[in-house]
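Protein chains in written order, with the numbering used here: chain A, 143 to 218; chain B, 9 to 367; chain C, 48 to 300.
Following: one structure in structure tokens, then a few remarks.
Dropping the structure here:
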């Protein structure tokens, strides 16, 4: 059976580190940067476990700042 | 085609608006101007020209509907009387601050408060000195006949569109309620959407073929807000230069000068006749625009005269502008009746004699 | 498979909507406004309505909605958005006209305009953000503030004897003959976001179909006003807000 693989890009400068994406991710892909901050001082979100992403777009849907874009492929 | 009719001033406002090609009226009933909405509903212009007529839930809603219609580049108007116009002041400030063309009609009644349904001119300050918040002006037209009620509808809209600013017809209950002969103008077609897009490229007509248009008066950047205000002021100076209007009657070589607007100017014409019988030469300045105020014309007319009497249906409001106009070079006095009362010509002449001649 | 093999234009399944301007929104982190703005931008794009949409912005946190959603907008005075929308739609019946209002704007100062626009059956869509607090002015009591809820003007909690009761205004609007569609949604989970989007789209379609007034209430959070981190605010909303403001259709004709 083909495996679904996904990935997201996050506009780090638009991210306000609200962590709603982190909470909504069913695959525990995302985290907030523990130390790094963007230009506005937010601990922005990033893919801490990219290999787990299934490209479901839950994170992007709840993102209030529309800073997440989602990609998905079927791995042969 | 033109048509000669006998009608009330308030009815003339409604007919003139339809014939101007107005797009919409939004109003709320209040005495003594309810005939405007009644006439519009009776004429059913939505069946003929496509004009929208809506009885709003309040004057507050009505003025905000006018704000919206003006934002869409439409020729829209509202009418009310003093307490209702007080409710509209916030909206008028928004219209001025958003640089929108709109027509607002106040058929004044006596105040303050709920006051009386009888005529008054006591909203002069409100109309000419802001009324709402912030540094703004509306062009204020003061009709003194049913014909002018009709003519100032188109004049008001033309000026409002020319300068992108609210225009107000400041009538009083006498001019609104009295019946006279009036020549109604030809029916003009309403502008098409294409014409509106050309005439008002700033209007919210949907962003087809252009960038987004935003109608707002909000600007939190202080420097930009200051620039906005300076732009408004430049427009006001331009209006003062080009659009100041008044009527001068027998002002050359007069002994005393009367200054009166609206219905009071008509009474003052009779006062001039009575005075002439007594050998007193009276001149009359009738401001047609109350803002911009015809200060220079009054100053010129006052040269050589012994005194100025302002005749107003209020406790003395326009007198302040007349005093500024003549810069204290001529003595200026006020005579007015309050509470919905209207002075007789004899009463005005007696006041003039008491204040200036027999003092 | 390398991540760079996945992140390619042809594999993109979710993107920022084109009608959402490429700018930084002023909302606090986690604010529901951003999600609803995004939904409106998506819907207008999907309906090909960008050339005929005219939005009405409120006074409140969403006062700058026009800076984010790239269609024509009129900024209304506080509470007057339904009156403004009434005139836009009556004067330009072919346009898609919607208001975007908060609870103070729609259910306090603008109650009369809300009720009467819906009662006249104006063909407008009203998007109503109910977060039970005044966000922009610093967290004061709203008409929809829950009993016992602490705000800047109810520092010891809202009391019925002092402040009256929370106002479920959508239930009032649902009783009006002019209202065709009244629904209550939220945007706190991906599933809720999908349902909210379908609701707003339906409201917009009703506006174009001339079916009457549609009102979509979005029960929302205000993290700053509630003094809770965004994720906890969602939890608090589920526990407390949904009891007074249950999710679902109130009217659909």
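Just so it is clear, CB atoms sit at the ideal spot from N, CA and C, and this is done for glycine as well.
Because the structure is a prediction, the values reported are computed rather than measured.
- Query: Going by other Cβ atoms of all chains shown within 10 Å of its Cβ, with 16 needed for buried, is residue 55 of chain B buried or exposed?
  - Reply: Exposed, because fewer than 16 other Cβ atoms sit within 10 Å of the Cβ of residue 55 of chain B.
Is there a C-beta anywhere in chain C that falls below 8 Å from the one on residue 212 of chain A?
Chain C contact via Cβ: present.
message = Under 8 Å, with one C-beta from each stretch per pair, do the region 199-206 of chain A and the region 76-86 of chain C reach the 3-pair mark?
response = With a cut-off of 8 Å, the region 76-86 of chain C and the region 199-206 of chain A count as touching, because enough Cβ pairs lie within range.
Just to confirm my understanding: we take residue 293 of chain C, look at its own chain, exclude 5 residues before and 5 after, and list those with CB closer than 8 Å. What are they?
Cβ neighbours of residue 293 of chain C beyond the five flanking positions: 231.
Pick from B/323, B/137 and B/62: whose alpha carbon is nearest that of residue 137 of chain C? Closest by alpha carbon: B/62.
Compute every distance between the C-beta of residue 189 of chain B and the non-hydrogen atoms of the ligand COA, then say whether any falls below 7 Å.
The ligand COA is absent from the structure shown, which contains no ligands of any kind.
Run down chain E in chain order and give the residues with a C-beta less than 8 Å from the C-beta of residue 67 of chain C.
Chain labels in this structure do not include chain E; the protein chains are A, B and C.
**Message:** Can you tell me whether residue 66 of chain C is helix, strand or coil according to DSSP?
**Reply:** Residue 66 of chain C falls in the coil class under three-state DSSP.
Have a look at C/192, C/223, C/243 and C/209 and flag the residue whose alpha-carbon is nearest the alpha-carbon of residue 287 of chain C.
Closest option to residue 287 of chain C, Cα to Cα, is C/192.
Those residues which DSSP pairs with residue 254 of chain B across a bridge:
B/295.
Member of B/350, B/147 and B/193 whose CA lies at the smallest distance from the CA of residue 101 of chain B
Just measuring C-alpha positions, the residue of B/350, B/147 and B/193 sitting nearest residue 101 of chain B is B/147.
Q.
Buried or exposed, going by whether 16 or more other CB atoms sit within 10 Å of the CB of residue 19 of chain B?
A. Residue 19 of chain B comes out buried.
* Compare the C-beta of residue 208 of chain B against all C-beta atoms of chain C and say whether one is closer than 8 Å. => It does not; no Cβ of chain C falls within 8 Å.
### Query
How big is the Cα-Cα spacing for residue 79 of chain C and residue 184 of chain C?
So the alpha carbons of these two residues sit roughly 17 Å apart.
- [ ] May I ask you to verify whether the region 63-76 of chain B touches the region 34-54 of chain B, counting CB pairs closer than 8 Å and requiring at least 3?
- [x] Contact between the region 63-76 of chain B and the region 34-54 of chain B is present, because at least three Cβ pairs lie under 8 Å.
Which value, in whole angstroms, describes the spacing of the CA atoms of residue 48 of chain B and residue 77 of chain C?
Whole-angstrom Cα-Cα distance: 50 Å.
(message) I need the straight-line Cα distance from residue 193 of chain B to residue 183 of chain B, nearest angstrom please.
(response) Distance between the alpha carbons of residue 193 of chain B and residue 183 of chain B: 19 Å.
Where residue 133 of chain C meets chain B, residues with beta-carbon distance less than 7 Å
The contacting residues are 73.
*With a CB to CB cut of under 7 Å and the five nearest residues on each side skipped, what residues in its chain are close to residue 275 of chain C?*
Cβ neighbours of residue 275 of chain C beyond the five flanking positions: 283.
Notebook entry, point to check: Mind pulling the alpha helix (DSSP H) runs of 4 or more residues that sit fully within the region 78-115 of chain C?
Noted result: Those alpha helix (DSSP H) runs which fall completely within the region 78-115 of chain C and span 4+ residues are 79-93 and 112-115.
- Assigned secondary structure, residue 368 of chain B (DSSP; H/G/I helix, E/B strand, else coil): Nothing about residue 368 of chain B can be read from this structure; chain B reaches only from 9 to 367.
ask   = When Cβ atoms are compared, which residues of the region 154-174 of chain A fall closer than 7 Å to chain C?
value = Of all residues in the region 154-174 of chain A, 156, 158, 159, 160, 161, 162, 165 and 166 have a Cβ within less than 7 Å of some Cβ in chain C.
Residue-level contact to chain B via CB, residue 163 of chain C, 8 Å cutoff: By this cut-off, residue 163 of chain C is an interface position.
Compute the distance between the beta-carbons of residue 96 of chain B and residue 88 of chain B, then report whether it is under 8 Å. With contacts defined as CB atoms closer than 8 Å, residue 96 of chain B and residue 88 of chain B qualify as a contacting pair.
_CB of residue 195 of chain B within 8 Å of CB of residue 345 of chain B, strictly_ = Not a contact, by the Cβ cut-off of 8 Å.
- Query: Rounded to a whole number of angstroms, what is the C-alpha to C-alpha distance between residue 249 of chain B and residue 307 of chain B?
  - Reply: For residue 249 of chain B and residue 307 of chain B, the distance between alpha carbons rounds to 16 Å.
* Helix, strand or coil: how does DSSP classify residue 142 of chain C here? -> Residue 142 of chain C falls in the coil class under three-state DSSP.
Straight-line CA distance for residue 269 of chain B to residue 29 of chain B?
In this model, residue 269 of chain B and residue 29 of chain B are separated by some 28 Å (Cα to Cα).
- Query: From the beta carbon of residue 220 of chain B, is the nearest beta carbon of chain C less than 8 Å away?
  - Reply: Output row for residue 220 of chain B: interface = yes.
Practice problem: Under 7 Å Cβ to Cβ from residue 11 of chain B, same chain only, skipping five residues before and after it: list those, please. | Solution: So the list reads 192, once near-sequence residues are dropped.
Check: Which of the residues in the region 29-60 of chain B, read from start to end, lie with their CB under 7 Å from any CB of chain C?
Finding: Residues 31, 32, 34 and 60.
(message) Does residue 245 of chain B come out as helix, strand or coil in the three-state DSSP assignment?
(response) In the three-state reduction of the DSSP assignment, residue 245 of chain B falls in the helix class.
| task | Please work out which residues of its chain come closer than 6 Å, Cβ to Cβ, to residue 44 of chain B, disregarding the five sequence neighbours upstream and downstream, and give them in chain order. | result | Close CB contacts of residue 44 of chain B within its chain, under the 6 Å cut and outside five residues either way in sequence, are with 18, 21, 22 and 87 (chain order).
DSSP beta-bridge partners for residue 119 of chain C?
BP columns for residue 119 of chain C point to C/101.
Which chain C residues sit within Cβ distance under 9 Å of residue 323 of chain B? Within 9 Å Cβ-Cβ: nothing; residue 323 of chain B doesn't reach chain C, min ~31 Å.
Of all Cβ atoms in chain B, is any one closer than 8 Å to the Cβ of residue 154 of chain C?
No, because no Cβ of chain B sits closer than 8 Å to the Cβ of residue 154 of chain C.
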